[in-house]
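A.B. asks:
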């Protein structure tokens with residue numbers, strides 16, 4: 001049976017190439033998609049082809065590209081390779097797009113993921129010309145059943161002058177009922193409290209709405225999400241997870257956490273999966289999650305019975321786990337709710353629920369200022385994503401990393417971070433495979449001693465302590481956050497010139 | 001008539017010296033006070049005297065000192081001069097305390113002002129031994145009428161094992177009815193939405209509560225707050241205010257702000273007063289404020305009829321304006337509400353109300369990473385205060401500064417900030433007397449060009465542009481946020497060695 005059961009929209013069905021003709025040079029185009037899930041699979045390629053033809057003729061063809069978060073080669077990849085993106089926001093992780101940003105060809109606006117929808121609505125980014133949104137089905141009344149992500153789709157559908165829908169029947173039809181799209185958002189001064197009290201509470205609709213008169217094309221697809229291979233947790237990730245989970249036990253013993261913890265948030269990556277794996281093998285029961293992304297490890301934790309429910313905005317699964325989920329989707333109903341990223345990452349919800357936030361980092365300086373986004377100050381990797389939304393408003397926040405990278409050539413603990421995304425005022429707990437530094441209630445110099453002693457790799461520990469002690473000695477009237485500015489960034493400079501910090 | 005009309009508490013009236021005997025070496029002591037308002041005037045001096053006697057005998061006597069925010073010479077000053085403070089949080093601005101922190105004698109934990117009460121309650125700072133809270137009156141039933149600030153007093157009274165009250169009849173008795181103390185706070189997972197919809201809405205009680213059995217002493221005082229002289233706005237402050245207010249007009253014209261604006265927040269200082277002065281002479285009507293601190297300029301704006309209502313947590317007035325306010329307090333009733341700092345600075349309220357946040361800065365780097373707290377990386381000035389609470393969650397945020405300091409020896413726009421409190425992800429609009437840079441929706445390099453061209457002093461503009469262009473050239477694969485790390489902090493180094501950037 002067709003996934004498009006609305007007569008008015010069904011008759012707008014066209015090919016991706018026909019749909020792409022609605023997207024012109026210089027336009028602002030917003031697409032669905034979050035961590036490689038629920039992004040349009042066909043139209044972006046057709047837009048890239050149009051751009052290529054135009055460029056071959058010597059004509060301009062570039063668009064601004066807004067999404068939920070990262071997408072996939074079929075979206076960011078093809079458009080970046082066609083040099084078809086003038087500006088990108090609010091997050092990306094595609095190699096071709098990253099290269100285009102770092103070469104200066106694409107302008108990248110790296111925003112907190114809870115900010116992008118509202119700032120677009122406020123008019124801070126200009127008028128939105130076209131939205132391209134992937135869904136799992138269109139109901140007879142024109143309501144849309146989202147697929148594996150919600151992201152910013154609600155806002156893009158609301159704001160765009162024209163809408164193109166992709167209906168992808170790779171997504172199970174059973175996705176209906178997995179979403180909670182909050183339609184209570186307003187612009188100040190009309191805003192109201194978000195009446196969310198626990199992670200699984202429904203405060204919105206199970207469907208996305210679209211004004212059918214704005215829909216200019218509907219495209220049918222059958223294509224999988226970007227499902228990356230699952231890598232089993234390595235020893236370092238397991239060690240980080242073990243330090244972190246032991247610390248949670250310590251906080252329960254100190255009566256600063258209840259036995260069932262508080263809702264978990266976990267960034268994307270192996271450490272996140274390792275933490276879920278550690279919890280799956282633990283004594284914990286009745287866990288919940290209020291997070292951005294559901295990875296393999298979190299589904300395993302649901303299967304184990306230890307995680308009762310998860311609120312997120314998207315999946316990010318391995319191909320095997322996605323196939324399994326799609327087969328058994330009904331068994332997860334009522335345990336998983338996908339919200340708009342404005343709600344999954346909302347400061348109001350995160351602070352109220354008391355989320356335990358776990359996010360990766362590139363490096364931390366000795367005082368706990370964290371770099372989540374840049375290599376040696378200049379090159380962007382991905383973006384800040386939701387780490388700022390969660391870290392600032394969490395009950396507890398953890399920043400995790402291996403203590404070294406590139407076989408020891410890089411220390412994740414440095415005298416001065418080459419870019420700062422999370423300041424000393426926000427970061428609470430740093431964890432590497434070496435150990436855990438609980439920085440709560442500590443002044444900068446005590447933070448430094450703890451980070452160096454607990455988290456730095458032994459190969460770098462003495463040099464970090466030496467820097468700290470000399471900085472203290474060199475600043476008799478600057479011992480709050482002592483630095484030697486002439487040396488502060490020298491570790492990064494040395495890496496750039498010698499290949500080793 | 002006595003201000004202490006509760007028999008049970010009245011009989012605990014003692015001298016400050018007697019009260020101070022309840023405070024011992026090694027204890028955690030929390031005091032009221034916010035921006036030099038509503039802090040205890042007598043007991044801190046008596047504690048400092050005890051410490052001095054102990055130190056003269058060769059004995060240890062130091063306490064941890066928690067407050068709302070900055071206090072005054074009679075509190076931070078005397079305790080710092082007696083070397084009686086081992087750790088200080090969450091904010092200070094006293095010269096003696098600052099010196100003690102920068103010499104390494106006092107450990108300082110510089111936290112977001114919306115975080116301190118909850119983190120103390122969560123147990124992140126340890127058990128609170130004694131609270132010393134100034135009030136304007138004690139009612140027959142033991143309820144407390146706060147004076148010129150609320151700050152963290154509610155939480156300190158709740159958490160402390162012992163309570164000392166100072167009843168200061170310098171505060172008008174008419175303060176009753178000016179406060180809104182929210183008693184709906186809970187710890188996660190029991191938290192509820194804060195049902196605040198507009199700045200003047202009452203969601204709490206007009207009184208502070210205290211368990212009378214915990215009150216070990218009541219001290220009567222008659223002493224003014226730290227009321228600093230009002231300095232008329234200088235030409236640079238007026239220019240900054242003019243750029244900022246013109247920009248608000250521009251946003252109204254673009255329909256991104258309503259004609260009556262959104263609730264204003266304004267940090268402490270001359271620019272804040274100048275902005276209020278500019279608004280007082282403007283066409284604006286029906287303004288509101290949701291802020292931390294009420295300065296002279298805001299009272300003038302109320303008097304002008306343009307500002308209908310102000311929610312804050314404290315006053316910070318000149319001596320003349322404080323005397324005038326105290327005389328005419330009844331005329332302000334219903335137009336001013338003082339809340340706990342947890343509520344005045346609450347991310348949930350700030351984002352919902354859509355606050356327009358205006359805060360000072362020490363420096364901004366070319367990409368809009370802002371330093372609000374440190375000189376040349378190492379020495380703390382005051383602290384982050386509420387600037388992070390407001391900037392992150394505001395509808396619009398402004399960071400303001402003169403483009404130069406020390407007669408041109410220092411540029412407020414630098415290649416790389418020597419400390420970062422607000423990251424590129426958060427800062428929207430930078431203003432100096434030179435002009436205004438609207439950074440919304442811009443990538444880093446475009447932000448840099450705008451900040452340099454609009455905000456930097458002409459004496460530094462060419463060197464900043466030169467740095468930017470060379471950084472772009474030097475980083476063919478790092479043109480997102482191009483830096484030359486070997487030079488990035490060289491302006492600060494040059495200032496430290498030559499006295500001029």
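Protein chains in written order, with the UniProt record's numbering: chain A, 1 to 501; chain B, 1 to 501. Using N, Cα and C, we set each Cβ at its ideal position, and we do this for glycine too.
If you count every other CB in all the chains shown that lies within 10 Å of the CB of residue 195 of chain A, and 16 or more means buried, which is it?
C.D. replies: Along the first chain, read from residue 1 onward, the residue named residue 195 of chain A stands at position 195. Exposed, because fewer than 16 other Cβ atoms sit within 10 Å of the Cβ of residue 195 of chain A.
A.B. asks: Counting only C-beta atoms, is residue 345 of chain A closer than 7 Å to chain B at any point?
C.D. replies: Reading the first chain from its first residue, position 345 is the one you call residue 345 of chain A. No, residue 345 of chain A does not count as interfacial toward chain B.
A.B. asks: Please report the distance separating the alpha-carbon of residue 23 of chain A from that of residue 336 of chain A.
C.D. replies: Position 23 of the first chain holds residue 23 of chain A. Position 336 of the first chain holds residue 336 of chain A. Roughly 35 Å separates the two Cα atoms.
A.B. asks: Could you tell me whether the Cβ of residue 127 of chain B comes closer than 7 Å to any Cβ of chain A?
C.D. replies: Numbered from its first residue, the second chain carries residue 127 of chain B at position 127. Residue 127 of chain B does not count as touching chain A.
A.B. asks: Along the chain, which unbroken stretches of the alpha helix (DSSP H) at least 4 residues long are found entirely within the region 41 to 80 of chain A?
C.D. replies: List check, alpha helix (DSSP H) in window: 43 to 56.
A.B. asks: Suppose contacts are defined by Cβ-Cβ distances below 7 Å. Is residue 315 of chain A in contact with residue 70 of chain A by that definition?
C.D. replies: Here residue 315 of chain A is taken as the residue at index 315 of the first chain, counted from 1. Here residue 70 of chain A is taken as the residue at index 70 of the first chain, counted from 1. Result no, Cβ atoms of residue 315 of chain A and residue 70 of chain A do not sit closer than 7 Å.
A.B. asks: Within the continuous alpha helix (DSSP H) that includes residue 388 of chain B, where are the two ends?
C.D. replies: Position 388 of the second chain holds residue 388 of chain B. Element bounds for residue 388 of chain B: 387 to 393.
A.B. asks: Could you tell me which uninterrupted beta strand (DSSP E) segments, each at least 3 residues in length, are contained entirely in the region 310 to 339 of chain A, listed from first to last along the chain?
C.D. replies: Within the region 310 to 339 of chain A, the complete beta strand (DSSP E) runs of at least 3 residues are 336 to 339.
A.B. asks: Checking contacts by CB at 7 Å: is residue 124 of chain B closer than that to chain A?
C.D. replies: Translated into positions along the second chain, residue 124 of chain B becomes position 124. Closer than 7 Å: yes.
A.B. asks: Name, please, each residue of chain B whose Cβ falls closer than 9 Å to the Cβ of residue 112 of chain A.
C.D. replies: Working through the first chain from its first residue, we reach residue 112 of chain A at position 112. Simply 392, 425, 426.
A.B. asks: Let's test the definition: count the other Cβ atoms within 10 Å of the Cβ of residue 438 of chain A and tell me whether it reaches 16, buried, or not, exposed.
C.D. replies: As a position in the first chain, residue 438 of chain A is number 438, starting the count at 1. Answer is buried; the Cβ neighbour count reaches 16.
A.B. asks: Excluding the 5 residues flanking residue 376 of chain A on each side, which residues of the same chain have their C-beta closer than 7 Å to its C-beta?
C.D. replies: Translated into the one-based positions of the first chain, residue 376 of chain A becomes position 376. Cβ neighbours of residue 376 of chain A beyond the five flanking positions: 418, 492, 495, 496.
A.B. asks: Could you give the distance in angstroms between the alpha-carbon of residue 9 of chain A and the alpha-carbon of residue 384 of chain B?
C.D. replies: Here residue 9 of chain A corresponds to residue number 9 of the first chain, with the count starting at 1. Here residue 384 of chain B corresponds to residue number 384 of the second chain, with the count starting at 1. For residue 9 of chain A and residue 384 of chain B, the distance between alpha carbons rounds to 53 Å.
A.B. asks: Going by Cα to Cα distance, which pick from A:447, A:451, A:422 is closest to residue 433 of chain A?
C.D. replies: Counting from 1 along the first chain, the entry for residue 433 of chain A is found at position 433. Of the listed residues, the one whose Cα sits closest to residue 433 of chain A is A:451.
A.B. asks: According to DSSP, simplified to helix, strand and coil, what is residue 489 of chain B?
C.D. replies: Start at 1 with the first residue of the second chain, and residue 489 of chain B comes out as number 489. Residue 489 of chain B falls in the coil class under three-state DSSP.
A.B. asks: Can the beta-carbon of residue 124 of chain A be found closer than 7 Å to that of residue 435 of chain B?
C.D. replies: Within the first chain, numbered from 1, the residue matching residue 124 of chain A stands at position 124. Within the second chain, numbered from 1, the residue matching residue 435 of chain B stands at position 435. Not in contact: residue 124 of chain A and residue 435 of chain B (Cβ atoms no closer than 7 Å).
A.B. asks: At a Cβ threshold of 7 Å, is residue 379 of chain A touching chain B?
C.D. replies: Counting from one through the first chain, the residue named residue 379 of chain A turns up at place 379. Answer yes: the Cβ-Cβ gap between residue 379 of chain A and chain B drops below 7 Å somewhere.
A.B. asks: Could you check what DSSP says for residue 100 of chain A in three-state terms: helix, strand or coil?
C.D. replies: Against the first chain, residue 100 of chain A aligns to sequence position 100. Helix at residue 100 of chain A.
A.B. asks: In whole angstroms, give me the CA-to-CA distance for residue 190 of chain B and residue 424 of chain B.
C.D. replies: By one-based count along the second chain, residue 190 of chain B stands at place 190. By one-based count along the second chain, residue 424 of chain B stands at place 424. Taking the straight line from one Cα to the other gives about 34 Å.
A.B. asks: Output yes if chain B places a C-beta closer than 7 Å to the C-beta of residue 195 of chain A; else output no.
C.D. replies: Counting from 1 along the first chain, the entry for residue 195 of chain A is found at position 195. Yes - at least one Cβ of chain B is within 7 Å of the one on residue 195 of chain A.
A.B. asks: Suppose you measure from the CA of residue 47 of chain B to the CA of residue 20 of chain B; what does that come to, to the nearest Å?
C.D. replies: Along the second chain, one-based indexing puts residue 47 of chain B at 47. Along the second chain, one-based indexing puts residue 20 of chain B at 20. Residue 47 of chain B and residue 20 of chain B: Cα-Cα distance of roughly 5 Å.
A.B. asks: With 7 Å as the threshold, decide whether the Cβ of residue 292 of chain B is near any Cβ in chain A.
C.D. replies: Position 292 of the second chain, counting from 1, holds the residue named residue 292 of chain B. Residue 292 of chain B does not count as touching chain A.
A.B. asks: Determine the direct distance from the alpha carbon of residue 29 of chain B to that of residue 126 of chain B, and round the result to whole angstroms.
C.D. replies: Locating residue 126 of chain B in the second chain gives position 126, counting from the first residue. Locating residue 29 of chain B in the second chain gives position 29, counting from the first residue. Using only the alpha carbons, I get a separation of about 11 Å.
A.B. asks: Check the Cβ-Cβ distances between residue 534 of chain B and every residue of chain A, and say whether any is below 7 Å.
C.D. replies: Because chain B spans 1 through 501 in this model, residue 534 of chain B falls outside it and cannot be assessed.
A.B. asks: Is DSSP giving residue 380 of chain A helix, strand or coil here?
C.D. replies: Taking the first residue of the first chain as position 1, residue 380 of chain A is located at position 380. Residue 380 of chain A: strand per DSSP, three-state reduction.
A.B. asks: Looking at chain B, is there any beta carbon in it that lies within less than 7 Å of the beta carbon of residue 405 of chain A?
C.D. replies: Translated into positions along the first chain, residue 405 of chain A becomes position 405. Not one chain B Cβ lies under 7 Å of residue 405 of chain A.
A.B. asks: Output the distance between the C-alpha atoms of residue 464 of chain B and residue 399 of chain A, rounded to the nearest integer angstrom.
C.D. replies: Taking the first residue of the second chain as position 1, residue 464 of chain B is located at position 464. Taking the first residue of the first chain as position 1, residue 399 of chain A is located at position 399. Going by the C-alpha atoms only, they are around 34 Å apart.
A.B. asks: Kindly indicate which residue of A:364, A:499, A:483 has the alpha-carbon position closest to the one of residue 456 of chain A.
C.D. replies: The residue given as residue 456 of chain A occupies position 456 in the first chain. Residue 456 of chain A has its Cα closest to that of A:364, out of A:364, A:499, A:483.
A.B. asks: With 16 as the cutoff for other CB atoms within 10 Å, does residue 499 of chain A come out buried or exposed?
C.D. replies: Taking the first residue of the first chain as 1, we reach residue 499 of chain A at position 499. The residue is exposed, with fewer than 16 neighbouring Cβ atoms inside 10 Å.
A.B. asks: When the Cα atoms are used, what is the spatial distance from residue 306 of chain B to residue 285 of chain B?
C.D. replies: Taking the second chain and counting its residues from 1, one reaches residue 306 of chain B at position 306. Taking the second chain and counting its residues from 1, one reaches residue 285 of chain B at position 285. Cα-Cα distance, rounded: 5 Å.
A.B. asks: Take the Cβ of residue 183 of chain A as the centre, count every other Cβ of all protein chains shown within 10 Å, and call the residue buried at 16 or more, exposed below.
C.D. replies: Counted from its first residue, the first chain places residue 183 of chain A at position 183. So residue 183 of chain A ends up on the exposed side.
A.B. asks: Output the distance between the C-alpha atoms of residue 360 of chain A and residue 343 of chain A, rounded to the nearest integer angstrom.
C.D. replies: For the purposes of this step, residue 360 of chain A is taken as the residue at position 360 of the first chain. For the purposes of this step, residue 343 of chain A is taken as the residue at position 343 of the first chain. Near 21 Å, if we compare the C-alpha coordinates of residue 343 of chain A and residue 360 of chain A.
A.B. asks: Whole angstroms is fine: what's the gap from residue 330 of chain B's alpha carbon to residue 1 of chain B's?
C.D. replies: The residue labelled residue 330 of chain B in the question sits at position 330 within the second chain. The residue labelled residue 1 of chain B in the question sits at position 1 within the second chain. Their Cα atoms are separated by approximately 19 Å.
A.B. asks: Could you spell out the range, first to last residue, of the beta strand (DSSP E) harbouring residue 166 of chain B?
C.D. replies: Here residue 166 of chain B corresponds to residue number 166 of the second chain, with the count starting at 1. 162 to 168 is the extent of the beta strand (DSSP E) around residue 166 of chain B.
A.B. asks: Counting only beta-carbon separations shorter than 7 Å, does residue 469 of chain A have a partner in chain B?
C.D. replies: Indexing the first chain from 1 puts residue 469 of chain A at position 469. No, no contact with chain B.
A.B. asks: Give, in chain order, every residue of the region 331 to 356 of chain A whose Cβ lies closer than 7 Å to some Cβ of chain B.
C.D. replies: Within the region 331 to 356 of chain A, the qualifying residues are 347, 348, 351, 352, 353, 354.
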